[in-house]
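Novice: Can you read through this structure? Questions will come right after.
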Ligand code: NAI
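Residue numbers (the numbering used here): 439 to 687.
This is how it looks when you write it as structure tokens:
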């Protein structure tokens, strides 16, 4: 039995839910790679957590940049030889709610999908060989309740009328669908793949000017990612969760 600490990577981790996910994984004893688009910001954030005595390492990673992805994969292979946990946390929301459901530009759709969907798939593909080297690989895709098609079709759901940011919502539905496909493909490989809603969290994504929206602090917003990252072999795969709750697709 390999007693070395588990190795995790969290994308988009220089702030918000990602940064807190790194902190909580490291507090659980996982050697955690804090990945950020901007290398300097990643190093700065990692140094702060290292100063608290946490096993955190910075790595540069832009999930929309093939060269950056290849370099990150090579760095992890050279330094660690495997990856146990991948938390696909990086995400963007670009819709202009004023433009409505049908009015978002194709550029908004494409750019949103480039990060939230294609970037997530690209980094997953690049790191899968290293996850296959883990004794118990785990992939957590950070989606949103706004990706739930059944909730969007249910007039009783509070998201029923929340259709003004369609590129973001549909990108998260795509993440959910990809999760189901990948979990099936990996079901006999010991790699568990789940998708999560972090909650409505007080981060930059929910900030408009000086107004900070959100119901949860980041400490609680990271809890679902961390829980699914640390599930044991009896844990679920191909599921959609918020905390301990199973969400409807
Ligand atoms: P945030 O805006 O504070 O953090 C997003 C992070 O992703 C940033 O660090 C950003 O630099 C990074 N990022 C963006 N594009 C990237 C790229 N190409 N490569 C690498 N990193 C990139 O937002 P927050 O709230 O922390 O969001 C984290 C995740 O949680 C996102 O996937 C978001 O969609 C999801 N989410 C957030 C909710 C909330 O209420 N805050 C609700 C539901 C889902």
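Beta carbons are placed, not taken as given, at the ideal position from N, Cα and C, and that holds for glycine.
Can you tell which of 495, 493, 510 has its C-alpha closest to the C-alpha of residue 688?
Specialist: Absent from the model: residue 688. The displayed extent of the chain is 439 to 687, so no value can be given.
Novice: Three Cβ pairs or more, each shorter than 8 Å: is that satisfied between the stretch 565 to 573 and the stretch 544 to 554?
Specialist: no
Novice: Compare the Cα-Cα distances from residue 548 to each of 609, 486, 444, 451 and report the closest residue.
Specialist: 609
Novice: Quick check on residue 439: does DSSP put it in helix, strand or coil?
Specialist: Because residue 439 carries a pLDDT of 45, less than 50, the predicted location of this residue cannot be relied on, and the following value inherits that uncertainty. Coil at residue 439, not helix or strand.
Novice: Within this structure, are the beta carbons of residue 624 and residue 607 separated by less than 8 Å?
Specialist: Not in contact: residue 624 and residue 607 (Cβ atoms no closer than 8 Å).
Novice: Would you mind giving the Cβ-Cβ distance between residue 456 and residue 448, rounded to the nearest angstrom? I have them listed as a contact below 8 Å.
Specialist: 5 Å
Novice: When burial is assigned at 16 or more other CB atoms within 10 Å of the CB, is residue 598 buried or exposed?
Specialist: exposed
Novice: Please name the residue, chosen from 523, 538, 591, 588, that lies closest to residue 578 on a Cα-to-Cα basis.
Specialist: For the residues 523, 538, 591, 588, the minimum Cα distance to residue 578 belongs to 523.
Novice: Measure the Cβ-Cβ separation of residue 545 and residue 603 and say whether it is below 8 Å.
Specialist: Contact flag unset, no.
Novice: Which of the three DSSP states is assigned to residue 678 in this structure?
Specialist: strand
Novice: Run through the DSSP bridge pairs and tell me what residue 634 is partnered with.
Specialist: 580, 679
Novice: Once DSSP output is grouped into helix, strand and coil, what is the label at residue 601?
Specialist: coil
Novice: Looking at residue 496 and residue 472, is the spacing between their C-beta atoms short of 8 Å?
Specialist: yes
Novice: Tell me which residue opens and which closes the beta strand (DSSP E) that residue 709 is part of.
Specialist: Given a span of 439 to 687 for the chain in the structure shown, any question on residue 709 remains unanswerable.
Novice: Within 8 Å, do at least three Cβ pairs link the stretch 536 to 545 to the stretch 479 to 494?
Specialist: no
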